[in-house]
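Residues 14 to 521 (my numbering) are what the sequence shown spells out, left to right. Only one structure is covered here, and it is reproduced in the block below.
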Amino acid sequence: MKYIFKDFIYPETNKYSLTPPCRIKAALLCAFFLSFFHVLPSFAAQLTPDEALEAHRAMEVQTNQISNWPAGPAIGAESAILIEAETGTILYAKNIHQQEYPASTTKILTSLIVSEQCAMDEMVTFSRDAIFDTPWDSSHIAMDVGQALTVEQCLNAILIRSANEVSYAVAEHISGTSDWSVFAETMNKRAEELGCLNSHFANPNGLPDENHYTTAYDLAMIGRAFFANEVLCKISLARRLDIPASDTLPNRKLELNNMAIIPGGQYAYEYLVGCKTGYTASARYCLVSCAEKNGMRLICAVMRDEHPYQYLDTISLFEYGFNNFEKVNVSQTETKYNMDDMEIFYSGNDIFGSSKPLLALNREDFIILPGTASFKDTESKVTYTSEKEEEAARITYFYHGAEIGSVGVSFASPDDSFQPSPAPGALDTHGKSDSSEPKKATRILYVNIVSVLAAIAVVFVLLLIALLVKAILRNYSFSPRHASLPPRKTGKRRRRKKEAPSFKDFDF
Numbered sequence: 014m015k016y017i018f019k020d021f022i023y024p025e026t027n028k029y030s031l032t033p034p035c036r037i038k039a040a041l042l043c044a045f046f047l048s049f050f051h052v053l054p055s056f057a058a059q060l061t062p063d064e065a066l067e068a069h070r071a072m073e074v075q076t077n078q079i080s081n082w083p084a085g086p087a088i089g090a091e092s093a094i095l096i097e098a099e100t101g102t103i104l105y106a107k108n109i110h111q112q113e114y115p116a117s118t119t120k121i122l123t124s125l126i127v128s129e130q131c132a133m134d135e136m137v138t139f140s141r142d143a144i145f146d147t148p149w150d151s152s153h154i155a156m157d158v159g160q161a162l163t164v165e166q167c168l169n170a171i172l173i174r175s176a177n178e179v180s181y182a183v184a185e186h187i188s189g190t191s192d193w194s195v196f197a198e199t200m201n202k203r204a205e206e207l208g209c210l211n212s213h214f215a216n217p218n219g220l221p222d223e224n225h226y227t228t229a230y231d232l233a234m235i236g237r238a239f240f241a242n243e244v245l246c247k248i249s250l251a252r253r254l255d256i257p258a259s260d261t262l263p264n265r266k267l268e269l270n271n272m273a274i275i276p277g278g279q280y281a282y283e284y285l286v287g288c289k290t291g292y293t294a295s296a297r298y299c300l301v302s303c304a305e306k307n308g309m310r311l312i313c314a315v316m317r318d319e320h321p322y323q324y325l326d327t328i329s330l331f332e333y334g335f336n337n338f339e340k341v342n343v344s345q346t347e348t349k350y351n352m353d354d355m356e357i358f359y360s361g362n363d364i365f366g367s368s369k370p371l372l373a374l375n376r377e378d379f380i381i382l383p384g385t386a387s388f389k390d391t392e393s394k395v396t397y398t399s400e401k402e403e404e405a406a407r408i409t410y411f412y413h414g415a416e417i418g419s420v421g422v423s424f425a426s427p428d429d430s431f432q433p434s435p436a437p438g439a440l441d442t443h444g445k446s447d448s449s450e451p452k453k454a455t456r457i458l459y460v461n462i463v464s465v466l467a468a469i470a471v472v473f474v475l476l477l478i479a480l481l482v483k484a485i486l487r488n489y490s491f492s493p494r495h496a497s498l499p500p501r502k503t504g505k506r507r508r509r510k511k512e513a514p515s516f517k518d519f520d521f
């Protein structure tokens, strides 16, 4: 201790005291010790990766609380979601609305906006701000000021190598300014359009910012649009980035894709459609991905996971989804259909022959049914407002309160009808026929209520006219042919008897 404070001793008295020249040293030492003891408790409270994994695995999985729902796996991510891409049906939910830092998974939104607003052959020139605002120790491809890439090359750099300076450059290219908040406004608006509920984006690449956050649910909603773009999906699965030298790029850019879940990777998943990883110290490991098997496409997002479990947990969730859920075409399964107070009747033929329009279930719509349930276990709710002009209504299906998809009720021609399933008893618990014999489909058409009411009104009017004519004919009086003649008596006239002639009437 004496050695530490030797500069603070007055030589004359050999006593500890602050000499004027050493007061700055004392202040610095005090600040150091205070900061050390202030930070120490936070270090003690911070969990190790293994401890974090165990704590996260012990967290509640909300979908496991649904009655008779297939039990989902315990995973190391703090929040995670698995949805069916087309219907948006949530198959697995764990803290899906909890706000987290997304890291580079942010770039699926940036790439989506770029693909929607730019042509692939547009040139993007790198400004000084795009280069020098990118931390040197973050992901980049070493671009320099004044160099340029096409939009297509930029998308490759963003999705394959997660290049942060390229994300800045395309944001500047679209917004026309190096003020990243301008592009962030575009991101937040597009996120809201895609159905995000609890997100706020502050930059185009996901670098740490306390105002930059999202949720597993919101990433899945963005993923529905991103993974519907075949070009973006194909780029994300590429094994390497290869940008040749050009007039605007002096040196060739050759980089490998480090995402281990893509084909050829350590944790390659054979059904993968596309993916994007993310990592920062505050966000930990994140992964948004899509896979398709047997005609069913699923989207998975895991957040705040640990390496390599962001890959293992994702694969586990995909397998859970493919093994425990199936697509059910409602138009081929539904046997009863009511629209609340508005009655829709089944008939072998349309009562008006060729009247239009008729109401029919959309043949392309389907729901996602757990393997533990049958279609008869579902409940439905009809709404008469729809975003699609061709739809008269929409039926949403539920299983123990969980939404599992919807089907549109569309205006169709008389030839359009749906083929209902065979009679109950010919189906197993999953809604599949247990007989290989072909069944004769029953042709079902819906009565057009508007036409029915119009026909009733026409018949009613004709009936009133007939009654009115009959009344007029009954009460009408005909006038005589000649007004000068007295009215003709209608009673029977009494005929006089002819008298016999007398003798005085004869001349003898």
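Virtual Cβ for every residue (Gly too), placed ideally from N, Cα, C. Keep in mind it's a predicted model, so treat the numbers as computed, not measured.
Cβ-Cβ distances below 7 Å link residue 70 to 87, 88, 89 in the same chain, with the five nearest sequence neighbours on each side left out; the list follows chain order. Comparing C-alpha distances from residue 99 to each of 239, 68, 275, 244 shows the shortest one belongs to 239. Between the C-alpha atoms of residue 66 and residue 135 there is a straight-line separation of about 44 Å. Looking at the backbone, the Cα of residue 123 and that of residue 218 are separated by about 8 Å. For residue 298, the enclosing beta strand (DSSP E) starts and ends at 297-306. Residue 76 sits in a helix when the DSSP states are folded into three classes.
In the three-state DSSP reduction, residue 422 falls in the strand class (E or B).
The residues 392, in chain order, have a CB closer than 6 Å to that of residue 411 in the same chain once the five nearest residues on each side in sequence are set aside. Restricting attention to alpha helix (DSSP H) runs no shorter than 4 residues, the stretch 88-173 encloses them at 120-130, 141-145, ordered along the chain. Selection 137, 72, 313 evaluated against residue 261 yields 137 as nearest (Cα-Cα). With fewer than 16 other Cβ atoms from the protein chains shown falling within 10 Å of its own Cβ, residue 61 counts as exposed. A check of alpha carbon separations from residue 282 across 293, 302, 467 identifies 302 as the nearest. Around the beta carbon of residue 265, fewer than 16 other beta carbons sit within 10 angstroms, so the residue counts as exposed. Bounds of any alpha helix (DSSP H) do not take in residue 377, whose DSSP letter is neither H nor E. Counting only the Cα atoms, residue 186 lies some 15 Å from residue 146. Beta-carbon to beta-carbon, residue 316 and residue 299 are separated by about 5 Å, close enough to satisfy the 8 Å threshold. Our two residues, residue 113 and residue 467, have alpha carbons roughly 58 Å apart in a direct line.
DSSP places residue 210 outside both helix and strand once states are collapsed to three, so it counts as coil. By the criterion of a C-beta distance shorter than 8 Å, residue 321 is surrounded in its chain by 273, 279, 280, once the five residues flanking it on both sides are discounted. DSSP links residue 315 through a beta bridge to 93, 300. At a Cβ-Cβ threshold of 9 Å, residue 269 and residue 276 do not count as neighbours. Here DSSP, grouped into helix, strand and coil, assigns residue 217 to coil.
In this model, residue 295 and residue 115 are separated by some 9 Å (Cα to Cα). For the stretch 238-281, the continuous beta strand (DSSP E) assignments of 3+ residues that do not extend past its boundaries occur at 253-256, 266-269, in sequence order. Cβ-Cβ distances below 6 Å link residue 151 to 177 in the same chain, with the five nearest sequence neighbours on each side left out; the list follows chain order.
Comparing alpha carbon positions, the residue from 235, 225, 192, 183 closest to residue 203 is 235. Here DSSP, grouped into helix, strand and coil, assigns residue 342 to strand.
The three-state secondary structure of residue 291, taken from DSSP, is strand.
The C-alpha of residue 325 is placed about 15 Å away from the C-alpha of residue 63. Per DSSP, the unbroken beta strand (DSSP E) holding residue 405 starts and ends at 404-412. For the pair residue 216 and residue 228, the CB atoms are not nearer than the 9 Å cut-off. Residue 81 has its alpha-carbon roughly 8 Å from the corresponding atom of residue 386.
Closest by C-alpha distance to residue 335, out of 290, 59, 78, 105, is 105.
Residue 85 has its alpha-carbon roughly 44 Å from the corresponding atom of residue 156. One thing to note: residue 388 has its Cβ no nearer than 9 Å to the Cβ of residue 420.
A residue is called buried when at least 16 other Cβ atoms come within 10 angstroms of its Cβ; residue 249 meets this threshold and is buried.
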